[in-house]
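Residue numbers (this note's numbering), protein chains in the order written: chain S, 1 to 111; chain L, 1 to 114.
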């Protein structure tokens, strides 16, 4: 299984950009990199995913290193509503395509 | 809005008393998943259905069963709940098994065992 390493916690101020790093050095060439977040008392929410190229959507940007061993989720302007646990997940795990959640990064956003 | 709905949001049962949690989806997705999330832990996949094909995770206890009578509904049955089964249970769907497909989660059912 591709293992991921994320900081346990990060802190940001409202309206500032946030860069959430993830190391996935054992990722295989066909694994997509997914990011989900989980707000308190809610189910996880899909944020973004990518394979090789950087990706943008209305929620965030995903920057993938050229060697694919790491990626960074970028929230361009953090809001209080972005306070959540962020999970970085390679998509191919244990011989099948499934999500295996690691511990994630707890993001705190200060007003 | 199309969504994944879990009922109830909170469920209390007695030790050893069978309990069923339900999940419905309006996304018409082929795949439905059940996850268990214990307090301060990450979600852990229990099993999933690809259409009518059931796929169990190797370490899911036999106490946990699932049924999918049609595309829209999926049930999680816990035959004899123990105190260790107290957790949030999350249902998710995806159009295909995850690779290039995001999963859509419900808000979960929090199960308490008395």
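Here a beta-carbon is modelled for each residue, glycine too, at the ideal position from N, C-alpha and C.
Since we're looking at a predicted model, the values are computed, not measured.
Asked: Would you say residue 53/L faces chain S, with C-beta separation under 8 Å as the test?; Found: no
Asked: Below 8 Å on the Cβ atoms is my contact criterion, and I expect residue 33/S with residue 19/S to pass it. Report the Cβ-Cβ distance as a whole number of Å.; Found: Going by Cβ atoms, the distance from residue 33/S to residue 19/S rounds to 15 Å, so no, they are not a contact pair.
Asked: Which residue from 66/L, 105/L and 13/L puts its Cα closest to that of residue 82/L?; Found: 13/L
Asked: Under 8 Å between C-beta atoms, does residue 11/L make it to chain S?; Found: no
Asked: Below 6 Å CB to CB, which residues in the same chain sit around residue 49/L once its five sequence neighbours on both sides are set aside?; Found: 32 and 68
Asked: State the DSSP-derived secondary structure class of residue 79/L, mapped to helix, strand or coil.; Found: coil
Asked: Can you name, in chain order, every residue of its own chain whose Cβ lies under 7 Å from the Cβ of residue 104/S, other than the five neighbours on each side?; Found: 6, 85, 86 and 87
Asked: Beta-carbon within less than 8 Å of residue 108/S's beta-carbon, same chain only, minus the 5 sequence neighbours each way: which residues are those?; Found: 9, 10, 11, 12 and 83
Asked: Note down the Cα distance separating residue 45/S from residue 39/S, rounded to an integer number of angstroms.; Found: 8 Å
Asked: Quick check on the burial criterion: 16 or more other C-beta atoms within 10 angstroms. Buried or exposed for residue 93/L?; Found: buried
Asked: Which residues of chain L have a Cβ atom closer than 9 Å to the Cβ of residue 42/S, listed in chain order?; Found: 105, 107 and 108
Asked: Would a C-beta distance cut-off of 8 Å place residue 106/L and residue 19/L closer than the cut-off?; Found: no
Asked: When you compare only the Cα positions, how much space is there between residue 66/L and residue 59/L?; Found: 15 Å
Asked: Taking 7 Å as the limit between beta carbons, can you name the residues of its chain near residue 75/S, skipping five residues before and five after?; Found: 17, 18, 60 and 82
Asked: Do you know whose CA, among 30/S, 101/S, 111/S and 62/S, lies nearest residue 3/S's CA?; Found: 101/S
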